[in-house]
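Comments concern the structure below.
There are 2 protein chains.
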Amino acid sequence: MRELDAHARKALDEALSRQGLRPTVQRTHVFGVLLHKRDHPTADEVFVRAKEELPGISLATVYNCLETLVACHLVRQVNYEREPTRYCPNLAAHAHFHDAKSGRIYDVDLPPALLEKLRKVLPEGWNADTIELSFRGRKTKAS
Amino acid sequence: MRELDAHARKALDEALSRQGLRPTVQRTHVFGVLLHKRDHPTADEVFVRAKEELPGISLATVYNCLETLVACHLVRQVNYEREPTRYCPNLAAHAHFHDAKSGRIYDVDLPPALLEKLRKVLPEGWNADTIELSFRGRKTKAS
DNA sequence: CTTGACTTTGGAACTATTCTAATTCCATTT
DNA sequence: AAATGGAATTAGAATAGTTCCAAAGTCAAG
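Sequence order for the protein chains is A and B.
For the record, in the first sequence the residue sitting at position 94 is 94 according to my numbering, with numbers rising by one throughout.
For the record, in the second sequence the residue sitting at position 7 is 1007 according to my numbering, with numbers rising by one throughout.
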């Protein structure tokens, strides 16, 4: 992952400058790491991967960059039980499936119609900004 | 909350003995604390409440008891972001609503039909043992 | 009573994350 | 180009929720 593609580059620059922040090499690279392998890494894993190209980067910076990317809505946090937070650059509406066997997390598409139905379970006057749906179980088939 | 009612007592005794565990005074009391005020307390909050009647109880024991109750399926854990784990004695299928303003967590009933629909978003061969659904937002009306 | 498994306890240890203070970077102004 | 000042990065210390551990206590069964 030498470089961000033009689309990602633009999304990053715009989202950052919207909040008066600069696209530093660390931020850019951390974003690149997430886009490169979309497997929901932890901050530590991002740190290890980031160091391959930016040996001097610190863990604190990785945390800072991830926090910034989340604040800019370029990346989502995924929490599962008390495990370390994972990071996900998939911004489309989706749920997560935690495979008990491998520990891996998979994205699962959420049809907009279902999202609407979910919103409807809330009583009048309760407004949800975010909806999180996660499954835990076992995959018996790959796919 | 001097005593567990007969129903809770029975559920506790049966669930514990199913795993060869004993209904100690600490376990019984921690369960009682959760049933008494169903507001999703943290382990620390349970600790504080438990000490009112059992001044000698230790935090480690509260953690142990909660873990045991969860393992016996008498209590559910509720995690939200990286906040401390909360505990919930409501075993019926339900979602959680996190009120951003008050920080409080509310139970939201989940119709079985909706649960079925949720299960259907998973690809063939992916079997969910647990489904977690949580909302975050603001309540504009009490209710 | 003894035995042996289960429990509880206090405190130490662990770990993900946040904080802090010092340094570096970089765009802008001189 | 040098100086300025706010933003960003850094290493390491600090924090907080939770788990671990070894010792002491409890209890049912023999």
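Ideal Cβ positions, reconstructed from N, Cα and C, are used throughout, including at glycine.
Own chain partners of residue i with C-beta closer than 6 angstroms, once the 5 adjacent residues on each side are dropped
{"i": "A/LEU4", "result": "GLY32"}
{"i": "A/PHE97", "result": "TYR106, VAL108, PHE135"}
{"i": "A/PRO84", "result": "THR42"}
Close beta carbons around residue i, own chain, < 8 angstroms, minus the five adjacent residues each side
{"i": "A/VAL200", "result": "Past the edges of chain A, shown from 1 to 143, lies residue 200 of chain A, and the structure says nothing about it."}
{"i": "A/ARG138", "result": "ASP99, ALA100, LYS101"}
{"i": "A/LYS51", "result": "ILE57"}
{"i": "B/LEU1174", "result": "Since the first residue of chain B shown is 1001 and the last is 1143, residue 1174 of chain B is not available in this structure."}
{"i": "B/ASP1013", "result": "PRO1023"}
{"i": "B/HIS1073", "result": "ALA1015, LEU1091"}
{"i": "B/LEU1115", "result": "ALA1093, ILE1131"}
{"i": "B/GLU1067", "result": "none"}
Local conformation of residue i per DSSP, three classes
{"i": "A/SER17", "result": "helix"}
{"i": "A/ALA113", "result": "helix"}
{"i": "A/GLY137", "result": "strand"}
{"i": "B/GLU1218", "result": "What is shown of chain B runs 1001 to 1143, which leaves residue 1218 of chain B out entirely."}
{"i": "B/ARG1076", "result": "strand"}
{"i": "A/HIS94", "result": "strand"}
{"i": "B/ASP1044", "result": "helix"}
{"i": "A/VAL121", "result": "coil"}
{"i": "A/ARG27", "result": "helix"}
{"i": "A/ARG82", "result": "coil"}
Contact list for residue i against chain B, beta-carbon separation under 9 angstroms
{"i": "A/ASP129", "result": "ALA1100, PHE1135, ARG1136, GLY1137, ARG1138"}
{"i": "A/LYS141", "result": "PRO1123, GLU1124, GLY1125, TRP1126"}
Proximal chain B residues relative to residue i, where beta-carbon distance stays under 8 angstroms
{"i": "A/PHE97", "result": "LEU1122, TRP1126, ALA1128"}
Per-residue contacts from residue i into chain A (C-beta, under 7 angstroms)
{"i": "B/LYS1037", "result": "Within chain A, no residue comes near B/LYS1037; the closest Cβ sits about 21 angstroms away, beyond 7 angstroms."}
Chain A residues whose Cβ lies nearer than 8 angstroms to that of residue i
{"i": "B/GLU1045", "result": "Those do not exist, as B/GLU1045 stays about 17 angstroms from chain A at its closest Cβ, beyond 8 angstroms."}
{"i": "B/GLU1014", "result": "By Cβ distance, chain A contributes nothing, its closest Cβ being about 26 angstroms from B/GLU1014, past 8 angstroms."}
7 angstroms Cβ cut-off: residues of chain B touching residue i
{"i": "A/GLU3", "result": "Here the premise fails: no neighbours, minimum Cβ distance about 33 angstroms."}
beta-carbon residue i near the ligand GTP non-hydrogen atom, thresh 7 angstroms
{"i": "A/ARG104", "result": "Inclusion of the ligand GTP in the displayed structure is not the case, the ligand content being empty and no account of it being possible."}
Cβ neighbours of residue i in the same chain (closer than 7 angstroms, five flanking residues each side left out)
{"i": "A/THR28", "result": "LEU4, LEU12"}
{"i": "A/SER62", "result": "In the sequence as displayed, the identity of residue 62 of chain A is Val instead of Ser. Counting only Cβ-Cβ distances below 7 angstroms, and skipping sequence neighbours, we find VAL30, ALA43, VAL46, PHE47, ALA50."}
{"i": "B/LEU1118", "result": "ILE1131"}
Subject >> Members of the stretch 1108-1120 of chain B near chain A, C-beta cut-off 8 angstroms >> reply: So the close ones are VAL1108, ASP1109, LEU1110, PRO1111, LEU1114, LYS1117, LEU1118.
**OP:** Determine which residues of the stretch 78-90 of chain A have a Cβ less than 7 angstroms from any Cβ of chain B, and write them out in chain order.
**Re:** If the cut-off is 7 angstroms between Cβ atoms, the stretch 78-90 of chain A has ASN79, GLU81, ARG82, THR85 near chain B.
Subject >> Contact list for the stretch 51-67 of chain A against chain B, Cβ threshold 9 angstroms >> reply: With the criterion set as a beta carbon lying under 9 angstroms from some beta carbon of chain B, the stretch 51-67 of chain A has no members that meet it.
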